[in-house]
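Engineer: If you're matching them up, the sequences are chains G and C in order. According to my numbering, the stretch in the first sequence is residues 16 to 273, in order. According to my numbering, the stretch in the second sequence is residues 16 to 273, in order. Cβ atoms here follow ideal geometry from the backbone N, Cα and C, with glycine treated the same way. Here the structure is a predicted model, which is why all the values come from computation and not from measurement.
Number of protein chains: 2
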Amino acid sequence: MVRLKLVLAYDGAGFCGWQYQKGARTVQDELERAASRITGRAVRVHGAGRTDSGVHALGQVAHLDVPASLAHIPWARALNGLLPRDLSVVSAGPVGPDFHARFDARSKTYSYTLWTEPEYVYPQRRGYVWACGPLDLAAMDAAAAHFPGRRDFKAFQNAGTEVRSTVRTVMDLSRSPGWFGPEVVWRITADGFLKQMARNIVGCLVACGKGKVPPDSVRSLLDEKDRTLAPGTAPARGLCLERVDYGETALDRDQVGP
Amino acid sequence: MVRLKLVLAYDGAGFCGWQYQKGARTVQDELERAASRITGRAVRVHGAGRTDSGVHALGQVAHLDVPASLAHIPWARALNGLLPRDLSVVSAGPVGPDFHARFDARSKTYSYTLWTEPEYVYPQRRGYVWACGPLDLAAMDAAAAHFPGRRDFKAFQNAGTEVRSTVRTVMDLSRSPGWFGPEVVWRITADGFLKQMARNIVGCLVACGKGKVPPDSVRSLLDEKDRTLAPGTAPARGLCLERVDYGETALDRDQVGP
């Protein structure tokens, strides 16, 4: 068997998230079905992270094992010929047998797009933004400054997934203009994300930008580690998994090939 | 009665174009129905131009007349509360009684987005691009240089609409990067567009970018004025009416108010 690394883009609106769930349409399930049609046998696909229902991706990463005889077919083209219109393989290629999309990930970067015009939303952008209205960007920047670093993000974790530790490192949280004038994009890079952590951080930034929460209270929210004290979760549709980065070790293994 | 000017954005995928057609869903019809619900009487909406079925808009302009008693309600908000999700009013306000969205338009600007990656399309962008694969941009630039100016664009007009003259002035035809790496955007500004002229010009640029037509043949295509000799029409989904510009006279009339 040869291990393949896939980079994936999907429109999250039509998926109940990444992970297989009986009776629900998921990204993992669509990929496994397409890959199985090519290999003629059951295939398990492992993602770098489980995106929630409705969350988009431009750079999700996954791995799967295929028979050596099929290692060098044009996998991206073959899968894209079978996949539905809302799921695309951006690239596919062999990696070393130890590469693991989830365990080898050093960091992930999500973008979150806010729409700040109060009166209208461009229909073309409706499925990809949170139309939260005008924002005090200086207040958001002040709030954002409290997040980077190695911290306990328990107050920004929603219930539902057991984890050994709620400590994560946020490497970067920065704001940039969007493609359209009324858009503001927040990008967050961390070594791992607790359940809905990115959306909870954005929910907190927006609460600060709306003047509902003072930016300096982020410090005490982090210290108190109580989800019930923190602002609400931002909607899924504004979130996009942009990239997953692998350390040099994993990259070296990539280059070893099959 | 008071005349209102509307700026409109829509996702063209769900519309059979701008203009009212019996039994078809059109932008004009949706707007007239929403406006009529507010005024309590039949309302006619006049657009700056008829976009084709499937063509998008971020800055279409229209005008309509409403009773003076309703001139100062928040029209954008009122209409957006009634319009479907794929059609939004960006702005709405009173203009002088002689303002005409179509006849006063000095120029219109369309964008056309091409997707140049051969293996995949981001699902989020599928409805807004023509996935035409790799392009020779230098060849396209050379071809594009032939279009600006006052010319007879008969070879770039599709059949179906009678016009007195096929002479139009292209003020600008320029290329810029898109939001996503594999995107190339062509923007074309002209004092008027013949039927499918923007899509026929892009179709010609892409034929040049694919090496199917030499860039210098654009000159003879324009000279020969024969649609059957020119390359095919680009698909509707890549096209977007970005803005309609009005001359100073019309702007002055805007400022006169009701």
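1) Between Pro-112 of chain C and Ala-157 of chain C, is the Cβ-Cβ spacing less than 7 Å?
2) Per the contact definition of three or more C-beta pairs closer than 8 Å, is the region 39–46 of chain G in contact with the region 141–159 of chain G?
3) Under 7 Å Cβ-Cβ, which residues of chain C neighbour Pro-138 of chain G?
4) Quick one: what's got a C-beta closer than 8 Å to Val-182 of chain G's C-beta in the same chain, skipping five residues either side?
5) Distance cutoff 7 Å, beta carbons only. Does Asn-173 of chain C sit that close to anything in chain G?
6) In this structure, how does DSSP classify Lys-240 of chain C when only helix, strand and coil are distinguished?
7) Along the chain, where does the beta strand (DSSP E) containing Glu-257 of chain G start, and where does it finish?
8) Report yes if the C-beta distance between Gly-262 of chain C and Arg-121 of chain C is below 7 Å; otherwise report no.
9) Taking C-alpha atoms, which residue in G:Pro-138, G:Arg-100, G:Trp-130, G:Asp-80 lies nearest to Arg-141 of chain C?
10) Have a look at the DSSP bridge pairing and note the partners of Arg-18 of chain G.
11) Hey, how far is the Cα of Gly-64 of chain C from the Cα of Arg-117 of chain C?
12) Who are the neighbours of Leu-194 of chain G on chain C, taking C-beta pairs under 7 Å?
13) In the DSSP assignment, the beta strand (DSSP E) including Asp-167 of chain G goes from what residue to what residue?
14) Check the Cβ of Arg-252 of chain C against every Cβ in chain G and list those closer than 9 Å, keeping chain order.
15) Quick check on Met-332 of chain C: buried or exposed, where buried means 16 or more other Cβ atoms within 10 Å of its Cβ?
16) Between which two residues does the alpha helix (DSSP H) containing Ser-189 of chain C stretch?
17) Among the candidates C:Thr-204, C:Gly-74, C:Gly-224, whose CA atom is the shortest distance from the CA of Gly-27 of chain C?
18) When we look at the beta-carbon of His-87 of chain G and count the other beta-carbons within 10 Å, is it buried (16 or more) or exposed?
19) Less than 6 Å between C-beta atoms, sequence neighbours within five positions excluded: which residues of the same chain meet that for Arg-223 of chain C?
20) Reducing DSSP to helix, strand and coil, say where Gly-29 of chain G ends up.
21) Output yes if chain G places a C-beta closer than 7 Å to the C-beta of Asp-260 of chain C; else output no.
22) Please return the same chain residues whose Cβ sits closer than 6 Å to the Cβ of Arg-18 of chain C, not counting the five positions on each side in sequence.
23) Using three-state DSSP, classify Gln-270 of chain C as helix, strand or coil.
24) Per DSSP, what kind of secondary structure is Arg-202 of chain C in: helix, strand or coil?
25) Cβ closer than 9 Å: which chain C residues qualify as neighbours of His-71 of chain G?
26) Check whether the Cβ of Ala-146 of chain C lies closer than 7 Å to any Cβ atom in chain G.
27) Looking at C-alpha atoms only, which residue of C:Leu-237, C:Asp-206, C:Pro-197 is the closest neighbour of Ile-216 of chain C?
28) On the DSSP bridge assignment, give the partners of His-71 of chain C in chain order.
29) In whole angstroms, what separates the C-alpha of Gly-29 of chain C from that of Ser-235 of chain C?
30) Compute the Euclidean distance between the alpha carbons of Met-186 of chain G and Glu-257 of chain G, then round it to the nearest angstrom.
31) Report the three-state DSSP secondary structure of Ile-94 of chain C (helix, strand or coil).
32) Give the C-beta separation of Asp-206 of chain C and Thr-184 of chain C to the nearest angstrom, bearing in mind that I take them to be a contact with Cβ-Cβ under 8 Å.
33) Could you check what DSSP says for Leu-209 of chain G in three-state terms: helix, strand or coil?
34) For Leu-152 of chain G, collect the residues of the same chain with a Cβ closer than 8 Å to its Cβ; drop the 5 residues on either side in sequence, then sort them by chain order.
35) The alpha helix (DSSP H) that contains Thr-54 of chain G, what's its start and end?
36) Which whole-angstrom value describes the C-beta separation of Ala-245 of chain G and Ala-174 of chain G, a residue pair presumed to lie in contact below a C-beta threshold of 8 Å?
Structural biologist: A quick look at the data gives this:
1) no
2) no
3) Ala-24, Tyr-25, Asp-26, Arg-100, Asp-101, Leu-102, Ser-103
4) Arg-165, Arg-166, Asp-167, Phe-168
5) no
6) coil
7) 254–261
8) yes
9) G:Arg-100
10) G:Asp-80, G:Val-110
11) 6 Å
12) It should be pointed out that residue 194 of chain G corresponds to Trp in this sequence rather than to Leu. Correct list: Trp-194.
13) 164–167
14) Result: empty, since nearest Cβ-Cβ is about 11 Å, beyond 9 Å.
15) What is shown of chain C runs 16 to 273, which leaves residue 332 of chain C out entirely.
16) Premise fails: Ser-189 of chain C lies in the beta strand (DSSP E), 182–192, not in any alpha helix (DSSP H).
17) C:Gly-74
18) exposed
19) Note that residue 223 of chain C corresponds to Cys in the displayed sequence, not to Arg. Correct list, in chain order: Ala-154, Met-155, Ala-158, Pro-230.
20) helix
21) no
22) His-78, Asp-80, Val-110, Pro-112, Phe-114
23) Residue placement at Gln-270 of chain C is flagged as unreliable, the pLDDT there being 44, under the threshold of 50; the coordinate-derived value follows with that caveat. Residue state, collapsed to three classes: helix.
24) strand
25) Pro-138, Gln-139
26) no
27) C:Leu-237
28) C:Cys-255
29) 38 Å
30) 15 Å
31) Note that residue 94 of chain C corresponds to Leu in the displayed sequence, not to Ile. Correct three-state label for Leu-94 of chain C: helix.
32) 5 Å
33) coil
34) Arg-190, Val-199, Gly-224
35) 42–54
36) Actually they do not touch by this definition, with Cβ atoms about 13 Å apart.
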